[in-house]
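Quick note on the working numbering: the sequence shown kicks off at 130 and runs consecutively.
Beta carbons: idealized from backbone N, C-alpha and C, even for Gly.
Below: the structure, in structure tokens.
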Amino acid sequence: MSLLTQGQQLPSSSLNPGQLTGMLVDSLTSQPVPFASVALLSESGTLITGQTTSESGQFSFTKLITGSYGLKITYVGYQSRSLSGIRITDSQPLQNLGTIRLKALSRQLNEVRISTRKALIEEKADRLVYNAASDLTNKGGTAVDVLRKAPMLTVDVSGKVQIRGSSSIKVLLNGRPSGLLARNLSEALKMIPANTILAVEVMTSPAARYDAEGAGGVINIITKKQLKGSNGNLDVTAGNYVQSLGGSYGFKREKFGLTFSGNTNAEREKTIAEMTRTSLADGQSTGELYQRSYANNVSRGWFGDLSMEYAFDTLNRVNFSMSSWGGTWPGSSTLYNRFQSINPPLTQEYNQVVDQKNPFGNLEWNLGYTRLFRKPKQELSLLGQYSYTFDNTRYVSNQFNLTNQPLYRETSTNLSRNPQWTWQVDYTHPFSSNGRHVFEVGAKLVRREVSSVYEVYHSQSENVTQLILSNDRSNTFKYSQQVMAGYASVKLTNRKLWTLQLGTRLENTKMYGQFKTTIPPFQVDFQNLIPSVVLSKELTPQQSIKVSYTQRISRPMIWDLNPFINASDPKNLVAGNPKLRPELAHLAELAYSVTTENGTYVNLNLYRRQTANSIEDVRTVDNAGVSTTMRQNVARNERTGLNLNAAGEFGRNLKVNGGGELYYAHFNSPSLGIKNSGWLWQVNLNMAYELPRNYSIQANGMYSTGWILLQGRNSAWYDYSLAVRKEFWDKKGSLILGVNNPFTYPFRQKENTQSDTFRAHTANQYFTRSVKLTFSWQFGQLRNSSEEEVRKITHDDARSK
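Structure follows, in structure tokens:
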């Protein structure tokens, strides 16, 4: 902007000692505003002279005569500001106006245009970021599809998520907790539509401010933010395996914002499984079980969120949100069962029909206050949360002989309630204006009260229609957990671009459980001091290296501790273990990243994770061919590997990104006399190509050699998809046609497990070939917003199921 220099001239006499000074800063960030135009006006408003601010935002007018003056301040991107009545007198010739705050200027836009897309993979100080919004194939899918493409993550065909082979992870939604994600992660991810996800952050060595839970690390799913203005979106997906309807609408002004979003979806799962299991005693076979099951279920769910935000001024903000979700996860199936016992010679053969429902729901409130300070990056936040979850399981199991005559009938209910309170305070204090030296401190308190009432009714052989209560399998379980934590960390950066981040977190955990009958109560109280160290060096503007070390905890939750036995399949029982104790993992990493001149990004990460007292699923089989699966602290789990992630552009229209991992996994359980280890690898690749006339195409695929388990391993698996998009209505509307695994029907995967009590082989068939069509529409007027995201509670202290 040109600065006017004509007008009334200042007297040049040295007898005029008057001086007027000040400093311009951004009203939100408190950062200096350099090169702004400052005009000095007379009392009548006539221009006297003018100047631009320095790089530090300062201005100074000297040699002023006594009198009254005004200022006119202008700068591109900020609201103009005028000051008047500034007096220079003989008694006060020097006037320092101090800090003058300028408000960012919001401009109304008639449309939103995207000229470039973010790289699919980005590196930040302590995490890798997958920008899901830039991936066309995610449209119409779910969060499961998104996580399959994120770096360092593995999601198998059943939806089980792991970070570097560990399922002990914590998944956050917009940096805050979610009972939905904590209870049943693989099913919950299917309720989050992929088109609402902006990015996925993967943290393998989280800082001290994060709860210590999650041996593998932390995943933060970031949904798309509300821009200023009144706007919304609508997305409709139809397909043979998935259907969804969702959208959002909101408005945001300078001080107040309100947003509502909702989604409902249905997803079909179809599987066929065959298992042959031999029971062993002293290494000799005592019987053989053969099962063939068929399942074809449709999971339905809904999700709604209402959030409000109000800024009293540029330094003080409050936010409130209320969210609710619910639905049902059915597990109905038909089963053919044949068990042949050797001694005594006996054959059991029957068909079984199981009708299992899992209705669930949650209501959650969040309230937060954020106080910014005039010093950049200085912040205080006070956060509170209350949530209430119900999680019920009901099943009816009927057995028939081969002539379809009823043999046995069993019903079961497990009604669970979980209210939870959380309070948290965090403070960030920068020691320097450039943010190179920062101190963080905070505290958190979590209180959970859980109840589970379970009952089992079964029939007698003489009367299949009459059901009686099974007292030894029915009970009331009450469980409470309290976690108190405090943390402190400091980040220091020198002139040679070495950065050291030191942190420690102290957590106290108290767990108490009691039963109505039979089972004795238990109580656990323990402390953990969790260190974290990150040392990094920026070798050049394009290269950096980092080494880090931290520890992580995995606490058992109620579904791990609850001794309720799920006997919907009487030959395969699943139960909780109230004797479980937390596990502790040590994590060390060495990472190197480089960005070439043409923009290609490469990240190499060598890591080592070692877990003592590891919580593992352990299966035992008796002479009657009945297996019981229960989690136990029985193993040492070690994993050493190398990650590679890369992204780049080839020409103006083609973008490619992908990654891979090579690792060695080792399990050792002296108590069970089991050792298992092996080398494994996996690779994934994503490609996007822009075509003329607003068409684009994207493809992705992944391949994994499988997983090592304590008692066995499974075979390789893969997944691939293709999507074509057509944009219209000035790019506000689009149609996306996507196909998943078009040349695979069904996908087959094998698993072999064994111990001193059994040897089993399982062959699973997953029907994943699907097609979907998604219509997407964005409407409303948008404005740019410079406001920072408000802080909310993050829960990392609950082990995912």
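Item, Value
"Please go through the segment 191 to 224 and give each complete beta strand (DSSP E) segment of 3 or more residues, from N-terminal end onward.", "196 to 203 and 210 to 217"
"Assuming N752 and G416 are in contact, meaning their beta carbons sit under 8 angstroms apart, how far apart are those beta carbons, in whole angstroms?", "7 angstroms"
"Rounded to a whole number of angstroms, what is the C-alpha to C-alpha distance between V154 and L626?", "27 angstroms"
"Among E767, V347, Q883 and V785, which has the Cα closest to the Cα of Q291?", "V347"
"Is Q160 closer than 8 angstroms to P505 when the C-beta atoms are compared?", "yes"
"Is it true that the CB of Y895 sits closer than 8 angstroms to the CB of T405?", "no"
"Got a sec, what are the start and stop residues for the beta strand (DSSP E) S696 sits in?", "In the sequence as displayed, the identity of residue 696 is Ala instead of Ser. Counting along the chain, A696 falls outside any beta strand (DSSP E), and DSSP gives it neither H nor E."
"I want to see whether chain B comes within less than 8 angstroms of N487, judged by CB atoms only; does it?", "No chain B appears in the structure shown, which is made up of a single protein chain."
"Can you give me the C-alpha to C-alpha distance between A714 and P660, rounded to a whole angstrom?", "12 angstroms"
"When DSSP builds the beta bridges, which residues end up paired with K299?", "V347"
"Could you compute how far the alpha carbon of Y730 sits from the alpha carbon of I229?", "41 angstroms"
"Helix, strand or coil, according to DSSP, for T352 in the structure here?", "strand"
"Does the distance from the C-beta atom of G379 to that of G386 stay below 8 angstroms?", "yes"
"Decide if I597 is buried, meaning its Cβ has at least 16 other Cβ atoms within 10 Å, or exposed.", "exposed"
"Only counting the same chain, and skipping five residues up and downstream in sequence, which positions put a Cβ closer than 7 angstroms to that of D484?", "S461, Y524 and V525"
"Among the candidates G174, E184, L170 and I177, whose CA atom is the shortest distance from the CA of M152?", "E184"
"Suppose you measure from the CA of S373 to the CA of N360; what does that come to, to the nearest Å?", "21 angstroms"
"According to DSSP, is L84 helix, strand or coil?", "A question about residue 84 goes unanswered here, because the residues of the chain that appear run from 130 up to 930."
"By Cβ distance, which residues of its chain are closer than 6 angstroms to T679, with the 5 residues on each side in sequence left out?", "S334, S661 and L716"
"Taking the beta carbon of E240 as the centre, do at least 16 other beta carbons fall within 10 Å, making it buried, or is it exposed?", "Unreliable positioning characterises E240 in this predicted model, as indicated by a pLDDT of 42, which lies under 50. The coordinate reading is nonetheless provided below. Result: exposed."
"May I have the straight-line CA-CA distance separating T646 from N303, to the nearest angstrom?", "42 angstroms"
"Per DSSP, which one or two residues make a beta bridge with V868?", "L851 and V900"
"Identify the continuous beta strand (DSSP E) that holds V162 and give its terminal residues.", "No beta strand (DSSP E) contains V162, which DSSP labels as neither H nor E."
"Determine the extent of the beta strand (DSSP E) in which D520 is found, giving its start and end residues.", "E508 to F529"
"Should the segment 718 to 737 be regarded as contacting the segment 613 to 621, the criterion being three or more beta carbon pairs within less than 8 angstroms?", "no"
"Use the C-beta contact count for Q656: other C-beta atoms within 10 angstroms, 16 or more gives buried, fewer gives exposed.", "exposed"
"DSSP three-state call for W688: helix, strand or coil?", "helix"
"Between the Cα of P875 and those of R898, P488, S884 and R854, spot the shortest distance and give me the residue it belongs to.", "R898"
"In whole angstroms, give me the CA-to-CA distance for E508 and Y498.", "11 angstroms"
"Is A934 helix, strand or coil when you go by DSSP?", "Lying outside 130 to 930, the shown extent of the chain, residue 934 is not represented and no answer is given."
"State the start and end residues of the unbroken beta strand (DSSP E) segment that holds V731.", "Y730 to V750"
"So the alpha helix (DSSP H) A272 belongs to, where does it begin and stop?", "A272 to L276"
"What does a CB cutoff of less than 6 angstroms around A395 pick up in its chain, not counting 5 residues either side in sequence?", "Q372, V427 and R429"
"For the ligand PLP, is there a heavy atom less than 7 angstroms away from the beta-carbon of I687?", "Because no ligand of any kind appears in the structure shown, any question about the ligand PLP cannot be addressed here."
"Got a sec? Which residues, its chain only, sit under 6 angstroms from D689 by beta carbon, not counting five neighbours each side?", "G705, L709 and R760"
"State the DSSP-derived secondary structure class of N600, mapped to helix, strand or coil.", "helix"
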